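Okay, structure first, notes after.
Number of protein chains: 2
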Amino acid sequence: MSNDENIYRQMLNAIVEHQLPPGARLPEDRLSEAFGVSRTGIRKVLQRLALEHFVIIEKNKGAQVNRPSEAEALEVLDSRILIEPQLIPALLDHWNTEHSERFRIMVTEEKRAEEANQLADSIQLTARFHYELAKLSGNQVLASFVEQLCYRSSLILAAYGTRGSVGCECGDHSQLLDILDQGRKDEAKTWMSHHLKHIKSSLILESKPEENIDFQRLFGR
Amino acid sequence: MSNDENIYRQMLNAIVEHQLPPGARLPEDRLSEAFGVSRTGIRKVLQRLALEHFVIIEKNKGAQVNRPSEAEALEVLDSRILIEPQLIPALLDHWNTEHSERFRIMVTEEKRAEEANQLADSIQLTARFHYELAKLSGNQVLASFVEQLCYRSSLILAAYGTRGSVGCECGDHSQLLDILDQGRKDEAKTWMSHHLKHIKSSLILESKPEENIDFQRLFGR
DNA sequence: AATGAATTAATTGTGCACAATATTGGTGTG
DNA sequence: CACACCAATATTGTGCACAATTAATTCATT
Numbered sequence: 001m002s003n004d005e006n007i008y009r010q011m012l013n014a015i016v017e018h019q020l021p022p023g024a025r026l027p028e029d030r031l032s033e034a035f036g037v038s039r040t041g042i043r044k045v046l047q048r049l050a051l052e053h054f055v056i057i058e059k060n061k062g063a064q065v066n067r068p069s070e071a072e073a074l075e076v077l078d079s080r081i082l083i084e085p086q087l088i089p090a091l092l093d094h095w096n097t098e099h100s101e102r103f104r105i106m107v108t109e110e111k112r113a114e115e116a117n118q119l120a121d122s123i124q125l126t127a128r129f130h131y132e133l134a135k136l137s138g139n140q141v142l143a144s145f146v147e148q149l150c151y152r153s154s155l156i157l158a159a160y161g162t163r164g165s166v167g168c169e170c171g172d173h174s175q176l177l178d179i180l181d182q183g184r185k186d187e188a189k190t191w192m193s194h195h196l197k198h199i200k201s202s203l204i205l206e207s208k209p210e211e212n213i214d215f216q217r218l219f220g221r
Numbered sequence: 001m002s003n004d005e006n007i008y009r010q011m012l013n014a015i016v017e018h019q020l021p022p023g024a025r026l027p028e029d030r031l032s033e034a035f036g037v038s039r040t041g042i043r044k045v046l047q048r049l050a051l052e053h054f055v056i057i058e059k060n061k062g063a064q065v066n067r068p069s070e071a072e073a074l075e076v077l078d079s080r081i082l083i084e085p086q087l088i089p090a091l092l093d094h095w096n097t098e099h100s101e102r103f104r105i106m107v108t109e110e111k112r113a114e115e116a117n118q119l120a121d122s123i124q125l126t127a128r129f130h131y132e133l134a135k136l137s138g139n140q141v142l143a144s145f146v147e148q149l150c151y152r153s154s155l156i157l158a159a160y161g162t163r164g165s166v167g168c169e170c171g172d173h174s175q176l177l178d179i180l181d182q183g184r185k186d187e188a189k190t191w192m193s194h195h196l197k198h199i200k201s202s203l204i205l206e207s208k209p210e211e212n213i214d215f216q217r218l219f220g221r
């Protein structure tokens with residue numbers, strides 16, 4: 001694996017697992033020291049993470065882990081609600097027992113991670129479940145978009161999620177597999193839709209402190 | 001406007017307008033010379049273009065304009081078919097005469113550009129029409145994804161499009177505006193779907209030269 | 001003690017130099 | 001003449017140094 005990709009993965013993991021919480025600053029010096037490469041390499045990775053909305057780079061102020069706005073949070077979930085259910089039909093065309101078994105193993109791991117309270121693994125596995133499912137649709141363009149949305153969702157749950165739940169309960173995911181095994185296309189679509197809407201509605205909005213208070217609007221004029 | 005963004009826009013324009021055709025090599029030296037900045041700045045732009053699939057960077061071999069594979073071309077169009085029609089309902093919620101007028105001006109410009117045989121402007125305007133429409137859905141996440149897909153479509157049409165047509169005829173776009181003005185939601189959705197499927201089916205596949213010719217298969221054995 | 005200016009420190013932006021790698025052309029040998 | 005090997009060239013990869021900017025601290029003044 002290339003060195004860049006390695007660093008990128010490690011940082012992305014740290015972000016979606018909330019080891020680097022939203023708002024955490026990411027000074028290039030420390031990172032270059034930590035990874036044993038020059039700032040040049042770090043900057044490349046940060047640029048990429050910024051384009052994918054995992055970090056925010058402000059000119060002359062450096063990078064920090066993105067703190068998704070409420071609007072962004074809702075839009076990401078809405079995007080998933082619009083896309084993921086629509087992938088089910090194509091997915092079912094390729095669905096077979098091999099896939100079923102593979103995903104059931106994943107769900108088992110999810111369950112174990114959640115019971116062991118290993119938040120990091122739990123988050124990763126939840127996102128991977130949705131991404132791997134999307135890949136089976138056969139459309140790699142959409143799949144990689146779903147991948148990005150899933151990881152962004154992890155970040156969103158860090159900011160707005162109900163504590164303890166990472167969004168989808170594992171039981172839920174095995175439910176979907178049952179439906180897929182029975183080839184019930186429409187049911188699977190609506191299940192996925194409900195599942196994502198459930199996550200969306202579980203977000204706790206308007207409770208976090210505002211980052212930029214609009215004093216002008218509050219007192220001005 | 002920042003310098004990076006400026007260079008990025010210029011290069012992206014050159015690519016989607018086919019001034020830099022698929023396969024064109026992009027040596028960092030020449031570009032840094034042309035733009036009057038150091039290779040550092042150029043590399044940043046190239047990295048970004050690569051992440052967005054407009055150029056391909058191979059290790060130690062540099063960047064070149066992406067030549068989309070047939071599979072990629074179909075996947076991009078399929079993605080648009082899946083997303084863009086679904087944006088219509090939300091779009092219609094905000095639709096008003098101001099929007100209508102703005103888009104009719106755009107269509108007029110499209111028509112003029114096409115008649116004047118200004119391929120570059122024509123391509124830009126066609127992509128912008130779809131992107132601006134997507135923005136009106138209110139979901140910026142999906143809109144910027146659509147933007148990327150539209151620009152990638154331009155690149156695809158460079159490789160697989162029928163000569164003379166850039167995909168959508170302008171008459172078509174004004175048709176959609178008529179339907180939107182009448183608030184016919186379902187009709188607009190199906191129109192958009194048909195429109196994109198028409199573009200997809202107009203692609204001339206398996207006719208362009210392969211990027212990596214398999215000489216072994218072609219002559220060997 | 002509070003405020004504001006000025007200095008200091010920390011961090012990022014940018015260009016350059018050298019190392020690493022791939023490609024091309026040439027040379028020699030069988 | 002074919003083949004392999006080697007050398008030269010061109011291009012990218014990476015680290016470093018210095019400039020530019022922002023943030024923090026100090027200090028002076030009221």
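Residue numbers (the UniProt record's numbering), protein chains in the order written: chain A, 1 to 221; chain B, 1 to 221.
Positions of the beta carbon are idealized from the N, C-alpha and C atoms, including for glycine.
All values derive from a computational prediction rather than experimental measurement.
* Proximal residues, the region 6 to 25 of chain B versus chain A, C-beta separation under 7 Å -> none
* Asked: Closer than 8 Å, CB to CB, is E84/B near chain A or not?
  -> It does not; no Cβ of chain A falls within 8 Å.
* **A188/B - partner residues in DSSP beta bridges** => In the DSSP output, where bridge partners are listed per residue, A188/B has none listed.
* If you draw a straight line from the C-alpha of D29/A to the C-alpha of I42/A, how long is it? -> 9 Å
* **V141/B: first and last residue of the uninterrupted alpha helix (DSSP H) it sits in** => 140 to 160
* To do: With distances taken Cα to Cα, identify the nearest neighbour of S174/B among K185/B, N13/B, I105/B, Q86/B.
  => I105/B
* To do: Taking only beta-carbon positions, decide if E147/B is within less than 8 Å of chain A.
  => Not one chain A Cβ lies under 8 Å of E147/B.
* Could you say which of L119/A, E17/A, L196/A, Y131/A lies nearest to V65/A if we only look at CA atoms? => E17/A
* To do: Measure the C-alpha to C-alpha separation of K208/B and I156/B and round it to an integer number of angstroms.
  => Note that K208/B scores 49 on pLDDT, short of 50, meaning its location in the model is unreliable; the coordinates nonetheless yield the value given after this. Going from the Cα of K208/B to the Cα of I156/B covers about 11 Å.
* Using the beta-carbon count (16 or more within 10 Å), is L20/A buried or exposed? -> buried
* Asked: Can you name the residues that DSSP bridges to I57/A?
  -> A63/A
* To do: Identify whether L26/A lies in helix, strand or coil by the three-state DSSP scheme.
  => strand
* Asked: Would N139/B be called buried (16 or more neighbouring beta carbons within 10 Å of its own) or exposed?
  -> buried
* **Interfacial residues, the region 124 to 152 of chain A to chain B, with Cβ spacing under 7 Å** => N139, Q140, V141, L142, F145
* Asked: Beta-carbon of T61/B versus every beta-carbon of chain A: anything under 8 Å?
  -> First, the residue type needs correcting, since residue 61/B is Lys and not Thr in the sequence shown. It does not: the Cβ of K61/B has no partner Cβ on chain A nearer than 8 Å.
* 7 Å Cβ cut-off: residues of chain B touching K44/A -> Q47
* Using a Cβ cut-off of 9 Å, pull out every chain A residue sitting near D178/B, in sequence order please. => Residues of chain A passing the Cβ test: none, with the nearest at roughly 25 Å.
* Asked: Which same chain residues, not among the five before or five after R39/A, have their C-beta less than 6 Å away from its C-beta?
  -> E28, S32
* Taking L49/B as part of the alpha helix (DSSP H), name the residues at either end of that continuous run. => 39 to 51
* **Secondary structure of H18/A, DSSP reduced to three states** => coil
* **Beta carbon proximity, E58/B to chain A, threshold 8 Å** => Closer than 8 Å: no.
* Cβ-based neighbour list, F35/A, same chain, cut-off 6 Å, excluding 5 preceding and 5 following -> I7
* Asked: If V37/A sits next to L46/A, beta carbons under 8 Å apart, how far is it from one beta carbon to the other, in whole angstroms?
  -> Contact doesn't hold; Cβ gap of about 12 Å is too wide.
* Asked: Would you say S38/A reaches chain B, if we count a Cβ-Cβ gap shorter than 8 Å as a contact?
  -> no
* Is the beta carbon of A143/A less than 8 Å from the beta carbon of Y151/A? -> no
* Whose C-beta lies closer than 7 Å to the C-beta of F215/B among residues of the same chain, with five residues either side of it excluded? -> Note that F215/B has pLDDT 49, beneath the 50 cutoff, so the model's placement of it is unreliable and the number below is only indicative. Excluding residues within five positions, none has a Cβ falling inside 7 Å.
* To do: Go ahead and pull the three-state DSSP assignment for A127/B.
  => helix
* Asked: Within the 8 Å Cβ cut-off, does L51/A reach chain B?
  -> yes
* Does the Cβ of A134/A have 16 or more other Cβ atoms within 10 Å, making it buried, or fewer, making it exposed? -> buried
* **Under 8 Å by beta carbon: chain B residues contacting V65/A** => Going along chain B, no residue has its Cβ under 8 Å from V65/A, so there is no contact; the nearest lies around 18 Å.
* Asked: Three or more C-beta pairs closer than 8 Å, one from the region 66 to 75 of chain B and one from the region 195 to 207 of chain B: is that the case here?
  -> yes
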